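There are 2 protein chains.
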Amino acid sequence: MADLPPRVDIHEEGPREGFQIEPGPIPTADKIALIEALAETGLRHIQVASFVNTRLVPGWADAEAVVGGFKPREGVHYSALWFNENGMSRALAFRDRLTMTGSISLAASNAFSIKNLNRGHAENLDAMRRQTAVHLKAGIPVTRVGVMAAFGCNYQGDITPAQVVQTVADGMAVAAEHGCTITDVSLADTMGWATPIRIERGIAAVRERWPDVRIGLHLHDTRGLAVANAHAGLKLGVSKFDTTVGGLGGCPFAGQKGAAGNICTEELVLLCEEMGIATGVDLDALIEVGRMAERIVGHVLPSELIHAGSLDAFRRKAA
Amino acid sequence: MADLPPRVDIHEEGPREGFQIEPGPIPTADKIALIEALAETGLRHIQVASFVNTRLVPGWADAEAVVGGFKPREGVHYSALWFNENGMSRALAFRDRLTMTGSISLAASNAFSIKNLNRGHAENLDAMRRQTAVHLKAGIPVTRVGVMAAFGCNYQGDITPAQVVQTVADGMAVAAEHGCTITDVSLADTMGWATPIRIERGIAAVRERWPDVRIGLHLHDTRGLAVANAHAGLKLGVSKFDTTVGGLGGCPFAGQKGAAGNICTEELVLLCEEMGIATGVDLDALIEVGRMAERIVGHVLPSELIHAGSLDAFRRKAA
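Protein sequence lines correspond, in order, to chains A and B. At position 120 of the first sequence (counting the first as 1) the number is 819 in this note's numbering, and the numbers step up by one without a gap. At position 164 of the second sequence (counting the first as 1) the number is 863 in this note's numbering, and the numbers step up by one without a gap.
As structure tokens, then:
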């Protein structure tokens, strides 16, 4: 257990990730209320919106209203997502309240790149070259390489650690061309192929090549292994995780089975706190926010913990 | 990873555990169909019914019809649950088709013992003395000590490994009084307090005292950590798990939040098979049975995997 991190940084993506898949429009005021409630729990990183094509993603037609509408809390970093120059420009209008950093986003699976981004890996690298130039020109630092499908792919099957290393290396090369220093590599289990062993091997391979880079995990609970995978990461010292409160983004209704949720923020917090790893988060407050998220979307969320309550709540009652 | 077991024995408890909490009566024919379908997946241990007070548990009023009605499959061990002599007698009528073994069932939490069994630990030990005598007289071997609330308790709070060891020792003493040899100790996370660290410490403590006993884990996914806990057990060589297909016994509807499901059989199978641990189970067939269980209960079950599909199914498509 020598490698357990003393504390973890949790990047809450519930507001951004959670609402775009909901069938009904979520009122802007509810999105803002959720963001403000999350900031009260001790979370320090909250992704609040997507600046995407509003015709394709009508759930984020109100991105400007949300990002301009919430009351920022001191010490909390708010971020947003964008995929092109237009989205970036929309985000830049809120530069005073958003922490803006640029990513070089790649997929370890060429098949996924084609299916999801509509361009193969080589073409995507070119797009990332252009995007990096645009980011730097706008004064947005590019410090992160993200690897989607880092542990397997529905269209390509298994992904090897060597493929992940090659993908990261390709991203590092783009960064180097532009004189950027990459401090963070994010490995995303986009389609729920990770297992603890694959997490261990993937991290070991990336860390061997880039020992000074900070590795983050973006895990989906597609097949129920997300918490076990996070635990494997923690034991290797991983200290940065993307999560969603309540498991927002997932949905227990079989009709929407494509929407596999991220690892639940509160379940990761429970795991960490019970292992002596600091999160800075008030778990009971976070559980209440998870219940609030459930009321907002109007259906049960995947999180078990928001239904069961924290251990500390029972400890207090038992004492 | 040297301690990973080469194979695990999975004790499927879905038919017994899953139906008693459902609000509507489940037709006997559906229970039988599920049992027979489970036996076709390669599972070798299936708990098929509870011989309990039919007034208190109307969902098992048809225990005799179920146990007498399914077509046994060669090589599969079918078991049932009972809590008193009357239940045992009802089970004995099906001795030709049931594998009957006796347990000494204790709780590591005195408060839970009082709440759940309506008797404290000392009184429960007396009850287990009487029950062990009854079992032996009926020719039922008593080979197992079960410890409920082995990792924590909603009424008493944290449970230490020392308390677990003491509880097992008390059960071992009852067995010794009757000349029984205990081969199996089952540690149950009855209320979802386990974490990987607590699993490691609990197992280490029991194993240090009784190095030759086989330890099994009965895990509930009350707070989302069940798979991580199972993984911690596997890494310590635990090779016996109680599970329920689909996570039967749990329910995603907040109104029934007391009903936290067991770890899903298929998620444990996925974890094991992807780690190279044999289960003997055809995962795709099991996922189909999980979907069948969902149709039978008429609502979505907690399992993520039955909604997402196996990795092998995608591997075949990708190949």
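Glycine is no exception: its CB is placed at the ideal position from the N, C-alpha and C atoms. Note that the structure is predicted; figures quoted are calculated from it, not measured.
Check: Range of the contiguous alpha helix (DSSP H) that encloses L933 (chain B); Outcome: A925 to K934
Check: Endpoints, the beta strand (DSSP E) within which A779 (chain A) is located; Outcome: H776 to W781
Check: Expected contact under 8 Å - CB spacing of I745 (chain A) and P714 (chain A) to nearest Å; Outcome: 7 Å
Check: Cβ pair count under 8 Å reaching 3, the region 771 to 787 of chain A against the region 850 to 858 of chain A; Outcome: no
Check: Contact check, N961 (chain A) vs H930 (chain A), beta carbons under 7 Å; Outcome: no
Check: Among B:I995, B:A821 and B:A977, nearest to A736 (chain B) - alpha-carbon criterion; Outcome: B:I995
Check: Buried/exposed call for L1000 (chain A), threshold 16 Cβ in 10 Å; Outcome: buried
Check: Chain A within 7 Å of G856 (chain B), Cβ atoms only; Outcome: yes
Check: DSSP three-state assignment for Q830 (chain A), whether helix, strand or coil; Outcome: helix
Check: G923 (chain B) at chain A interface by Cβ criterion, 7 Å; Outcome: yes
Check: Where I709 (chain A) meets chain D, residues with beta-carbon distance less than 7 Å; Outcome: Absent here is chain D; the protein component of the structure consists of chains A and B.
Check: Element boundaries [beta strand (DSSP E), containing K939 (chain A)]; Outcome: K939 to T942
Check: H744 (chain A) - partner residues in DSSP beta bridges; Outcome: A:H710 and A:H776
Check: contact_flag[the region 836 to 843 of chain B, the region 900 to 909 of chain B] where n(CB pairs < 8 Å) is 3 or more; Outcome: no
Check: Min CB distance M974 (chain A) to chain B below 7 Å; Outcome: yes
Check: A762 (chain A) versus A927 (chain B): straight-line alpha-carbon distance, rounded; Outcome: 36 Å
Check: Alpha-carbon spacing of K939 (chain B) relative to A738 (chain A), whole angstroms; Outcome: 43 Å
Check: Any chain B beta carbon closer than 7 Å to D920 (chain A); Outcome: yes
Check: Classification of N817 (chain A) by the beta-carbon crowding that lies within 10 angstroms, buried from 16 upward; Outcome: exposed
Check: Within-7 Å CB hit, T894 (chain A) to chain B; Outcome: yes
Check: Residue range of the beta strand (DSSP E) that includes L916 (chain A); Outcome: R913 to L918
Check: For V980 (chain B), the three-state DSSP class (helix, strand or coil); Outcome: coil
Check: Closer than 7 Å to chain A by CB, L967 (chain B); Outcome: no
Check: Residues of its chain near A760 (chain B), where Cβ-Cβ distance is below 6 Å and the 5 sequence neighbours each way are ignored; Outcome: T753
Check: Under 7 Å between C-beta atoms of L703 (chain A) and L933 (chain A); Outcome: yes
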